[in-house]
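Data first, discussion second: the structure below is written as structure tokens.
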């Protein structure tokens, strides 16, 4: 299906792209790995906190998904010996030293099976039989199993259900971006949940700090020492959108306006001009964890109307994500 010229220009707008591999919209928020409470009335997730009825996040059904992530059913039966080996490695990771007896009680596997699996892992260098301590322990070789993993920041993981909920309520696509050296990079987009978004991917797209709403929101609200360092990087950049860093007075005045307003907006002189983005910071204390932005067509409403209607909603969503990050950190420290 072809798009209008305006829609085609909008394809490159901030955060309006499809997240590669993003699952279809779910009836229930939370999804795999997110400590989000059950939906409250009016179709909104409840604020994350330690209290509330039912024990809050810790006792919620959705919170338990943090421990057991949903995965699609395979087209063939899983290899049971592989699953048993992975369970064994997880249990070995929980204790400094383990005996066959302890592993048997923890996993419920027959002792001969445990011994065979341990000997296989010993042969490949992942486990050693430490006779001095009287048991089995993992070796540094296990680090090679995760050294290539570079997952999303926790703020992106816990922010996903809140971003999806925003788009389901207001229809417009939103994005979450994190700092990427001298720019921000889009790590999440809700194009799959927006009926008014062109079909285009912007995941991992780098957006400039001085001209793009998601970048401006980061630069304006980060600590002064970090802002000065980033501006020094931008002064040496050859990117035309970074040229404003050389006019320090004008740049600092623009950032002061953003802080006073509480949100940032994309520069009107950069493409695509048929749409614009509003963005707010997601904070942890004085530091910016990420930025949250919504993109919409300029022809649909005036700036004043958009600011009044969507800025409070964006700020509320950002606060909910901040609370979810705190809840996730607390859970991690209890493990």
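Residue numbers (full-length UniProt numbering): 1 to 335.
C-beta: ideal position from N, C-alpha, C; glycine also.
The structure displayed is predicted, hence computed values, not measured ones.
In this structure, does DSSP put residue i in helix, strand or coil?
i, result
"residue 193", "helix"
"residue 130", "strand"
"residue 271", "coil"
"residue 122", "helix"
"residue 204", "coil"
"residue 92", "helix"
"residue 19", "Low per-residue confidence applies at residue 19: pLDDT is 40, beneath 50, and the placement is therefore not dependable, though the value from the model is reported in the following sentence. In this structure, residue 19 counts as coil in the three-state DSSP scheme."
"residue 252", "helix"
"residue 261", "helix"
"residue 35", "Bear in mind that a pLDDT of 43 at residue 35, under 50, signals an unreliable position, so the number given afterwards is only what the model happens to contain. Reduced to three states, the DSSP call for residue 35 is coil."
"residue 228", "helix"
"residue 383", "In the structure as shown, the chain begins at 1 and stops at 335. Residue 383 is therefore absent and cannot be evaluated."
"residue 108", "coil"
"residue 220", "helix"
"residue 247", "coil"
"residue 329", "helix"
"residue 171", "coil"
"residue 213", "helix"
"residue 323", "helix"
"residue 61", "Any reading at residue 61 must be qualified, since the residue scores a pLDDT of 39, below 50, and its modelled position is unreliable; no value is offered."
"residue 238", "coil"
"residue 152", "coil"
"residue 84", "helix"
Among residues of its own chain, excluding the 5 on either side of residue i, which ones have a beta-carbon nearer than 7 angstroms to its beta-carbon?
i, result
"residue 220", "255, 258, 259, 264"
"residue 118", "127, 136"
"residue 241", "208, 210, 211, 270"
"residue 111", "100, 104"
Mind checking who residue i pairs with in its DSSP beta bridge?
i, result
"residue 163", "Its beta-bridge partners do not exist; DSSP assigns none."
"residue 188", "176"
"residue 136", "98, 129"
"residue 114", "Per DSSP, none; premise fails for residue 114."
"residue 281", "291"
"residue 183", "180, 208"
"residue 276", "296"
For residue i, which residues in the same chain have their Cβ closer than 6 angstroms to its Cβ, ignoring the five residues on either side in sequence?
i, result
"residue 53", "Low confidence applies to residue 53: its pLDDT is 38, below 50, so where it sits in the model is not reliable enough to give any reading."
"residue 318", "280, 282, 292"
"residue 246", "235"
"residue 277", "14, 213, 266, 293, 295"
Can you find the residues in the same chain that come closer than 8 angstroms, C-beta to C-beta, to residue i, ignoring five residues on each side of it along the sequence?
i, result
"residue 91", "98, 103, 106, 107"
"residue 171", "194, 195, 196"
"residue 134", "97, 99"
"residue 329", "154"
Does any CB atom of chain B fall closer than 8 angstroms to the CB of residue i?
i, result
"residue 321", "The chain labelled as chain B is not found in the depicted structure, where only one protein chain is given."
Counting only runs that start and end within the segment 293-321, where is the alpha helix (DSSP H) found for 4 or more residues in a row?
Positions of the alpha helix (DSSP H) runs, each at least 4 residues long and wholly inside the segment 293-321, cannot be given because no such run exists.
Could you tell me whether the segment 180-191 touches the segment 253-270, using the rule of 3 or more Cβ pairs below 8 angstroms?
Because the criterion of three Cβ pairs below 8 angstroms is not met, the segment 180-191 and the segment 253-270 do not touch.
Take every Cβ of the segment 149-164, pair it with every Cβ of the segment 312-324, and state whether three or more of those distances are shorter than 8 angstroms.
Yes, they touch.
Would you say the segment 223-237 touches the segment 178-185, given that touching needs at least three Cβ pairs under 8 angstroms?
Because the criterion of three Cβ pairs below 8 angstroms is met, the segment 223-237 and the segment 178-185 touch.
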